[in-house]
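Residue numbers (the numbering used here): 151 to 493.
Even glycine gets a Cβ: it sits at the ideal position worked out from N, Cα and C.
Structure first, then comments.
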C-alpha cells in the first residue's frame, strides 16, 4: 500500500512538473502562486462601463489523480455600469487554454488571453456585448466610456477604451448592425492612436486626451466620423430631464431612418418613408414627461411609461427588447440632412 501511494505521489509530481513546463509563462498570464488583476471595459446593446477580474491562486476543485483539474483557477469579478449598477461575478481561468469563463447576476462571459489582453463576448439581462481587459488594478487602468457617430448620421455606437500608462485596449459596438470590434492603441503625450486588433498596422482613429475626457475622429474605408468619451467613474449620474432641446437619430436595418426631437415638454418622432429619399413622415407627436429613469409618451393615444438609460450620447429605451427598431438612439447637435416632411 505504501508503495502504491508513493507511486501515485510520484506520478502526480511528475505530471505537475510537466504542466508547469508547458504553460505560457508570460508575466501577464495568471501564475499559480499569486493573484493577477485585469481591468478594462464592457459595452453592450444597452450598457457601458468597467469590468475587473481577479484570477486567484486557488484551484477551483480539490486536486485528484486527474492533474488537468489543477489548471482551473478561481476568478472573481465586478462589473460597474455607467449608471452606477454593480454586479459580482465568479468563475474560472484555464491556464492550459488561457480561457476565462465567469458569470453572475444573469451575465455570462467567455474570453481568451492573448498578448496580455483578455477579450471576448457576453450575454446578459440587457442583451449581448463584448469586453476587453488588460493586466492592472482599477487604480492603474483608466477606463473611458464613449460613443461614435458617422458624419452622415448613418451609423453610431459605443466606443470604450482602457488606458494603462501609454498602452490602450478597447472595443466598439455598432448600433446599426450589432458588430463588435476590438481595438489596441497608444497614448503619446496627449495624442491617442487606435488600431484594429487584427490589423495592428492600420490606424483607425486618432484623438486627444484632456483630463477626464477624450475626443477625435475615425476613418475606415467609406466610414468617417467623430468620437467622444469620458472617464467612466467621472460620468455624472442623471438628474432632472436630460431630453430638453435635444435631437437624436435611430437606426433600422436600412440605416438612418428614425429621428427624434424634444423640447422641454413636447416631442416629435419621424420615420424615413423610403431609405435614401429626403422625405420623412411624422410618426408621433405629443407631450412627454420624465420621472426618474422613466419617461412617459403617448403610444397609440395612451400615455405609456418607458424605462430608459442614458450613456453619454446614447439613449436606450430598455422597455423595448434588444434588436427592436427605436430602442437605441444617438444624440446629435443637428441632423445631417434637412427634416423635410412628406406631403
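Let me know the secondary structure DSSP gives residue i once reduced to three states.
i	result
residue 382	helix
residue 221	helix
residue 362	coil
residue 485	coil
residue 477	coil
residue 281	strand
residue 176	With a pLDDT of only 44 at residue 176, under 50, the local geometry of the prediction cannot be trusted, and the value read off the model is given with reservation. Three-state DSSP puts residue 176 in coil, outside helix and strand.
residue 233	coil
residue 288	coil
residue 435	strand
residue 470	coil
residue 254	strand
residue 300	strand
residue 458	strand
residue 414	coil
residue 305	coil
residue 387	coil
residue 350	strand
residue 196	coil
residue 266	coil
Give me the Cα-Cα distance between residue i and residue j, rounded to the nearest whole angstrom.
i	j	result
residue 440	residue 345	40 Å
residue 492	residue 436	19 Å
residue 338	residue 353	14 Å
residue 388	residue 465	12 Å
residue 342	residue 375	16 Å
residue 366	residue 286	26 Å
residue 336	residue 325	26 Å
residue 284	residue 319	7 Å
residue 229	residue 429	43 Å
residue 459	residue 236	15 Å
residue 351	residue 292	24 Å
residue 482	residue 222	47 Å
residue 410	residue 349	37 Å
residue 433	residue 396	18 Å
residue 298	residue 206	36 Å
residue 416	residue 438	6 Å
residue 419	residue 377	25 Å
residue 488	residue 234	37 Å
residue 422	residue 201	38 Å
Is residue i near the ligand NAP, in the sense that its beta carbon is under 7 Å from a heavy atom of that ligand?
i	result
residue 459	This structure lacks the ligand NAP, and indeed carries no ligand of any kind.
With 16 as the cutoff for other CB atoms within 10 Å, does residue i come out buried or exposed?
i	result
residue 265	exposed
residue 189	buried
residue 255	exposed
residue 390	exposed
residue 414	exposed
residue 261	buried
residue 431	exposed
residue 449	exposed
residue 215	Low per-residue confidence applies at residue 215: pLDDT is 48, beneath 50, and the placement is therefore not dependable, though the value from the model is reported in the following sentence. So residue 215 counts as exposed.
residue 303	buried
residue 172	Summary for residue 172: the model assigns pLDDT 35, below 50, so the residue's position carries little reliability, and this model does not support an answer.
residue 225	buried
residue 407	buried
residue 474	exposed
residue 360	exposed
Ordered along the chain, which non-local residues of its own chain (more than five positions away) have a Cβ less than 7 Å from that of residue i?
i	result
residue 258	272 and 273
residue 290	314
Might you give, ordered along the chain, the residues of its own chain that have their beta carbon closer than 6 Å to the beta carbon of residue i, omitting 5 neighbours on each side?
i	result
residue 316	336 and 337
residue 444	455 and 457
residue 384	362
residue 461	198 and 232
Identify, in the order they occur along the chain, each residue of the same chain with its Cβ nearer than 8 Å to the Cβ of residue i, setting aside the five sequence neighbours on each side.
i	result
residue 280	192, 193, 194, 269, 270, 271, 272, 321, 323, 330 and 332
residue 253	239, 240, 241 and 259
residue 485	303, 397, 399 and 409
Chain D beta carbons: is any one of them nearer than 8 Å to that of residue i?
i	result
residue 457	This model lacks chain D altogether, as it is built from one protein chain only.
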